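Chemist: Here the protein sequences line up with chains A and B, keeping their order.
Here the first sequence stands for residues 3 to 206, where the numbers follow this note's numbering.
Here the second sequence stands for residues 3 to 206, where the numbers follow this note's numbering.
Structure provided below as structure tokens; questions to follow.
There are 2 protein chains.
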Amino acid sequence: MASAYRDNKLAATNYDIHDLIKKRWSPRAFSEKPIEPGLLRQLFDAARWAPSSYNEQPWRFVVATKNHQEEYDRMTQVLNKNNKRWAPNAPVLMLTLKKDQFDKNNTINKHAAHDLGQAVSYMTFEAMRHNIYLHQMAGILPDVARELFHIPEHYTPMTMIAAGYLGNPDMLPDDLQKKEVSGRSRLEIDEIVFRGQWDNPKRL
Amino acid sequence: MASAYRDNKLAATNYDIHDLIKKRWSPRAFSEKPIEPGLLRQLFDAARWAPSSYNEQPWRFVVATKNHQEEYDRMTQVLNKNNKRWAPNAPVLMLTLKKDQFDKNNTINKHAAHDLGQAVSYMTFEAMRHNIYLHQMAGILPDVARELFHIPEHYTPMTMIAAGYLGNPDMLPDDLQKKEVSGRSRLEIDEIVFRGQWDNPKRL
């Protein structure tokens, strides 16, 4: 099983899109192999070159690795019950945050979450290049994060990301093991892309 | 100038990150060359394989090309005054929207904008592979978009994206020409990434 299931995870694309996109998925089983600190910094180097509204760069990351166990254990307290079952397999956990306001005039940045999502994607591509997989979680306890990490006002915890190399699905509880090896699905292109008018069925 | 300025646009990275990320930037001068429809669909194929909270895939796109001039002209009405000066150079304009609620229980999807940002990044990455550049704009008129395109409730227009091949900066007004050839800047890694605690100066 350990290698065969990975074919199952390849995106069933209509076109021959980039390999790094095709092979990406969100594992729950991670190897114990740590991410070398220089390489981890490289992922953030990629993240920071994402575009953002007025180049505000409203993305922030609090990162914990198993090299610093106390920091790592504190980070796991931010996971909800469900994610606590598997996410601590990963050698790296990081909390992502958006900066809510623009620096220049303190008005609300309506695109902060959008742009954080972009930065995380740039990190993801760079990670996939090195066979590092990311699993993003919405299931976190933002108030716990705010308290534990002394998050200042006008920054909002958004997700937790588990990162590391692929592990053996056998390490997971049965129900999660099933998810780990099952196929992936997406809406069709024509369900999300409309030509010239909302819900227009005409093809591009 | 026509080729030399492009070196100026290469990301000044600390590490040797992926070429497609390094060379990406947001041009205002676009060539007249259209994007072939099959290739345009390929970009959306990449977009749909982004991850999203509960696999909700809260991304939608209304797309106009110069192959359908009336649709294209309608799309330009959604641009704010500043973006109207240059965005209609691009062979493709697309409005991006987020789906505000989860399908399964109609509760608010707090990660919809975040996940739209990811889909757009996946599209960007695929586009760069084919030397297609994207320029995302926050400067749009969402109410005009809602009316012109009959956007239903619970979907929110977020950005406009101009897409196409690089053009000659000479086509732009002087002030925009200057922007088109100037360097790019980002916060340092240590300004956006903290180890184990907010604002912790310790290195990963």
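Each residue gets a CB set at the ideal place from its N, CA and C atoms; glycine is no exception.
Predicted model only: the values in this text are computed from it and were never measured.
1. Which same chain residues end up closer than 8 angstroms to arginine 205(A) when comparing Cβ atoms and leaving out the 5 residues on each side of it in sequence?
2. Along the chain, where does the alpha helix (DSSP H) containing isoleucine 191(A) start, and where does it finish?
3. Given serine 54(B), which residues of its chain have a CB within under 8 angstroms of its CB, disregarding the five upstream and five downstream residues?
4. Buried or exposed: where does serine 152(B) fall if 16 or more other Cβ atoms within 10 Å of its Cβ makes it buried?
5. Write down the C-beta distance between valine 171(B) and alanine 31(B) rounded to the nearest angstrom, noting that I regard them as a contact closer than 8 angstroms.
6. Can you tell me which of Leu178(A), His156(A), Asn133(A) puts its alpha carbon nearest to the alpha carbon of leucine 168(A)?
7. Is the distance from the Cβ of arginine 188(B) to the Cβ of arginine 50(A) below 7 angstroms?
8. Compare the beta carbon distance of asparagine 85(B) and glycine 141(B) with 7 angstroms and say whether it is the shorter of the two.
9. Quick check on asparagine 138(B): buried or exposed, where buried means 16 or more other Cβ atoms within 10 Å of its Cβ?
10. List, in chain order, every chain A residue whose beta-carbon is nearer than 7 angstroms to that of histidine 156(B).
11. List, in order along the chain, the chain B residues whose C-beta lies closer than 8 angstroms to that of tryptophan 2(A)?
12. State the start and end residues of the unbroken alpha helix (DSSP H) segment that holds glycine 119(B).
13. With distance defined between alpha-carbon atoms, name the residue in Val65(A), Thr78(A), Ala129(A) nearest to valine 146(A).
14. So with Cβ pairs under 7 angstroms, would you call glycine 166(B) a contact of chain A?
15. Look at the alpha carbon of glutamate 73(B) and the alpha carbon of glutamine 71(A), and state the distance between them as a whole number of angstroms.
16. Might you give, ordered along the chain, the residues of its own chain that have their beta carbon closer than 7 angstroms to the beta carbon of leucine 212(A), omitting 5 neighbours on each side?
17. Rounded to the nearest angstrom, how far is the Cβ of alanine 129(A) from that of leucine 12(A), given a contact under 8 angstroms?
18. Would you check if the distance between the CB atom of aspartate 102(B) and the CB atom of threonine 158(B) is smaller than 7 angstroms?
19. Enumerated in chain order, which unbroken segments of the beta strand (DSSP E) with a length of 3 residues or greater are wholly contained in the segment 59 to 107 of chain B?
20. Let me check one thing: in DSSP terms, what residues is glycine 166(A) bridge-paired to?
21. Taking buried to mean at least 16 other C-beta atoms within 10 Å of its own C-beta, is asparagine 10(A) buried or exposed?
22. Among the candidates Ala115(A), Thr67(A), Asp201(A), Met162(A), whose CA atom is the shortest distance from the CA of leucine 150(B)?
23. Roughly how many angstroms separate the alpha carbons of leucine 209(B) and proline 90(A), rounded to a whole number?
24. According to DSSP, simplified to helix, strand and coil, what is phenylalanine 151(B)?
25. Does the beta carbon of histidine 132(B) sit closer than 7 angstroms to a beta carbon anywhere in chain A?
26. Can you name the residues of chain A whose CB is closer than 8 angstroms to the CB of threonine 109(B)?
27. Against aspartate 47(B), what residues of chain A qualify as contacts under a CB-to-CB distance less than 8 angstroms, listed in chain order?
28. Just to confirm my understanding: we take tyrosine 7(A), look at its own chain, exclude 5 residues before and 5 after, and list those with CB closer than 8 angstroms. What are they?
29. Counting only beta-carbon atoms, is alanine 4(B) nearer than 7 angstroms to chain A?
30. Please confirm if glycine 185(B) has its CB atom under 7 angstroms from at least one CB of chain A.
31. What residues from chain A crowd round phenylalanine 151(B), counting only those whose CB sits closer than 7 angstroms?
32. Going along the chain, which residues of its own chain have a beta-carbon closer than 6 angstroms to the beta-carbon of isoleucine 163(B), five neighbours each way excluded?
33. For a test of the three-state rule: what should DSSP assign to tyrosine 56(B), helix, strand or coil?
34. Is isoleucine 37(A) closer than 7 angstroms to tyrosine 124(B) when the C-beta atoms are compared?
Modeler: The answer reads as follows:
1. Asp192, Arg197
2. Isoleucine 191(A) -> alpha helix (DSSP H) spans 191 to 194.
3. Pro60, Trp61, His113, Asp117, Gln120, Ala121
4. Here residue 152(B) turns out to be histidine, not serine, going by the sequence shown. So histidine 152(B) ends up on the exposed side.
5. Looking at the sequence shown, residue 171(B) is not valine but proline. Yes, they are in contact, since the Cβ atoms of proline 171(B) and alanine 31(B) sit about 5 angstroms apart, within 8 angstroms.
6. It is Asn133(A).
7. yes
8. yes
9. The question names asparagine, but residue 138(B) in the sequence shown is glutamine. Counting C-beta atoms within 10 angstroms of its own C-beta, glutamine 138(B) has 16 or more neighbours from the protein chains shown and is therefore classed as buried.
10. In chain order: nothing, as chain A lies at least about 13 angstroms away.
11. Nothing can be reported for residue 2(A), as the shown portion of chain A is limited to 3 through 206.
12. 114 to 131
13. Thr78(A)
14. no
15. Their Cα atoms are separated by approximately 57 angstroms.
16. Nothing about residue 212(A) can be read from this structure; chain A reaches only from 3 to 206.
17. That belief does not hold up - the Cβ atoms of alanine 129(A) and leucine 12(A) are roughly 17 angstroms apart, past 8 angstroms.
18. yes
19. 61 to 67, 94 to 101
20. Tyr135(A)
21. exposed
22. Asp201(A)
23. Given that chain B is displayed from residue 3 to residue 206, the structure contains no residue 209(B) and the question cannot be resolved.
24. coil
25. Judged by the 7 angstroms Cβ criterion, histidine 132(B) is not in contact with chain A.
26. Residues of chain A passing the Cβ test: none, with the nearest at roughly 12 angstroms.
27. Those within 8 angstroms of aspartate 47(B) in chain A are Thr15, Asn16, Tyr17, Ile19, Ile191.
28. Pro171, Glu182, Val183
29. Confidence in alanine 4(B) is poor, its pLDDT being 49 and thus under 50, which makes the residue's placement unreliable; the coordinate value appears in the next sentence. No, alanine 4(B) lies away from the interface with chain A (no Cβ there is under 7 angstroms from its Cβ).
30. no
31. Gln199, Trp200
32. Met96, Leu136, Gln138
33. helix
34. no
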